[in-house]
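A.B. asks: So the sequence shown is numbered by the working numbering: it starts at 1265 and just counts up by one.
Glycine included, each C-beta is placed from N, C-alpha and C at the ideal position.
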Amino acid sequence: MRIFPRKIQLLFAGLLLVGSMANLVPMMAQAQSVSQTTIKREMTQALEARKSDFTLSVGSVSYHQLGVLFQNVLNSHDYLGNVIAQYGFSYLPGTLTIQVSYRENAAQYRAVVRRVGQLLATQILKKGMDAFQKEKAIHDYIITHVVYDTSLQDYTAYDALFLHQATCQGFALLTYEMLKQAGITNRIVVGTANNSFSTGSHAWNEVLLAGHWYQLDTTWDDPVPFQKNRLLYAYFNLTNAQMQADHSWQQTAYPMATTNYIATLMHASKRQDRAILQAPGLQAETPAYTFSNLTDLQRAFDQWQKNLPMTVQFRMKTQDLAQLQMLNIRGSIRYSYQTDPRDPRYSIIVLTEK
């Protein structure tokens, strides 16, 4: 397991610039009434245009409230809020000047939008796919085409798409844009993630499928070192309870994810949705690949060995892992295991014939 640091946007302290007392009162008297809705709209338009320096008429709205409005804009526009590197305010009664630096400029964002549309139409999505199938196709494309940037220099969807490497922020941004263009509502979640060694800032996604929210971390499903054809689903559509084992975030700021994804697909009406569970990392979560005794595991293992070369994933309770040493094996195999993020009582075992 590894940590995926993310640079959080840096907030400059606002600069409260006021004139002399002689001209302060006339300026306040001249301030025009400007609604907070208008201010938020103009902030949003300027940021979406990636303007680096812009001045707004703010009427009598206070400096403190302007800061609240600006943060509200960032909070309600996930993509935008995650491409701003830093910002600062210059305030005079009646006017606010905002200076912003971006990790991804306007031209780069247009390139992202255009390229994502092309990829979805020509390589990723197929006619007739529903939201479950689209999301898996997008997940699989990203983790097989983007490398995690261990140098921590590339933070954007543009980097992920055109440089084919990014930190967790770039993974989350690209996932967000692809899902959005595919018609799937999603959020970018900002928090921290931890393993047994350290804790670091992290970003991932939350996705809405058939009326239910799920936690989705394409970064943590991307193997390090990169393996182009290896698909992982350990952090694919978890509940909040499952995700919080090693991810932390302000849960009240995001929709609650409480629906069991595996159970949902097992009872799905569409055959194509149920077929998603045939992916090795998801198949291991089903009852047919969950073992509680050596007899059943041996019977399944004998069947698996009929199809060589063999690589199979299954799960069993962690306390029963010693039974792997008792398998009657023809030939030589190797195996690895890790705690199941969906149920920590179990371990997921990857068994491969040498």
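1. Sorted by chain position, which residues of the same chain lie with C-beta nearer than 6 Å to alanine 1521's C-beta, five sequence neighbours on each side aside?
2. Going by the C-beta, is phenylalanine 1555 closer than 7 Å to any heavy atom of the ligand HEM?
3. Let me confirm a value: proline 1605 is counted as buried when at least 16 other C-beta atoms fall within 10 Å, else exposed. Which label applies?
4. Nearest to phenylalanine 1461 by CA position, among Ser1415, Asp1510, Val1364, is which residue?
5. Going straight from the alpha carbon of arginine 1367 to that of arginine 1535, what length do you get?
6. Alpha helix (DSSP H) containing methionine 1580: first to last residue?
7. Please check the pair asparagine 1459 and alanine 1436, which I expect to be a contact at CB under 8 Å, by giving their CB distance rounded to whole angstroms.
8. Just the C-alpha distance for aspartate 1394 and isoleucine 1402, rounded to the nearest angstrom, thanks.
9. In chain order, what residues of the same chain lie with their CB nearer than 8 Å to the CB of valine 1619, ignoring the 5 residues before and after it?
10. I need the DSSP call for tryptophan 1484, collapsed to helix, strand or coil.
11. Can leucine 1425 and leucine 1443 be called in contact, C-beta distance under 8 Å?
12. Reducing DSSP to helix, strand and coil, say where tyrosine 1599 ends up.
13. Could you say which of Trp1568, Arg1594, Asn1557 lies nearest to lysine 1581 if we only look at CA atoms?
14. How many angstroms separate the CA atom of histidine 1341 from the CA atom of alanine 1313?
15. State the start and end residues of the unbroken alpha helix (DSSP H) segment that holds valine 1428.
16. Keeping to the same chain, check which residues put their C-beta closer than 8 Å to that of isoleucine 1406; ignore five residues upstream and five downstream.
17. What residues match up with threonine 1319 in a beta bridge as DSSP calls it?
18. Mark alanine 1548 as exposed unless 16 or more other C-beta atoms lie within 10 angstroms of its C-beta, in which case mark it buried.
19. List the DSSP bridge partners of phenylalanine 1353.
20. Can you tell me whether tyrosine 1650 is buried or exposed? The criterion is at least 16 other CB atoms within 10 Å of its CB, across all chains shown.
21. Please report the Cβ distance between tyrosine 1601 and serine 1611, rounded to the nearest whole angstrom; I am assuming they are in contact, meaning their Cβ atoms lie under 8 Å.
22. Take alanine 1552 as the anchor and find which of Asp1404, Gly1392, Ile1388, Arg1579 has the nearest alpha-carbon.
23. By Cβ distance below 8 Å, which residues in the same chain neighbour glycine 1545 in space, the five residues on each side in sequence not counted?
24. Extract the residue ranges of the alpha helix (DSSP H) inside the segment 1418 to 1471, only unbroken runs of 4 or more that lie entirely within it.
25. Kindly indicate which three-state DSSP category glutamine 1335 falls into: helix, strand or coil?
26. Going straight from the alpha carbon of serine 1326 to that of aspartate 1418, what length do you get?
27. Alpha carbon to alpha carbon, what distance is there between serine 1324 and leucine 1356?
28. Starting from the C-beta of serine 1321, find all residues in its chain whose C-beta is less than 7 Å away, skip the five residues before and the five after it, and write them out in chain order.
29. Secondary structure at isoleucine 1526, three-state DSSP: helix, strand or coil?
30. With distances taken from CA atoms, which of Arg1374, Asn1369, Lys1398 is nearest alanine 1385?
31. Helix, strand or coil: how does DSSP classify tyrosine 1478 here?
C.D. replies: Once the coordinates are examined:
1. Trp1477, Tyr1478, Gln1479, Thr1503, Asn1504
2. Because no ligand of any kind appears in the structure shown, any question about the ligand HEM cannot be addressed here.
3. buried
4. Asp1510
5. 42 Å
6. It is not in any alpha helix (DSSP H) - methionine 1580 instead sits in the beta strand (DSSP E) that spans 1575 to 1581.
7. No, asparagine 1459 and alanine 1436 are not in contact; Cβ-Cβ is about 19 Å, not under 8 Å.
8. 12 Å
9. Absent from the model: residue 1619. The displayed extent of the chain is 1265 to 1618, so no value can be given.
10. coil
11. no
12. strand
13. Asn1557
14. 13 Å
15. First, the residue type needs correcting, since residue 1428 is histidine and not valine in the sequence shown. First-last for histidine 1428: undefined, no H or E at that position.
16. Ala1424, Phe1435, Leu1438, Thr1439, Met1442, Thr1482, Asp1486
17. Thr1361
18. buried
19. Ile1362
20. Within the shown structure, residues of the chain are numbered from 1265 to 1618, placing residue 1650 beyond reach of any answer.
21. 4 Å
22. Arg1579
23. Leu1495, Leu1496, Tyr1497, Ala1498, Phe1500, Gln1577, Ile1612
24. 1432 to 1445
25. helix
26. 37 Å
27. 10 Å
28. Gln1296, Val1298, Gly1358, Thr1359
29. helix
30. Lys1398
31. strand
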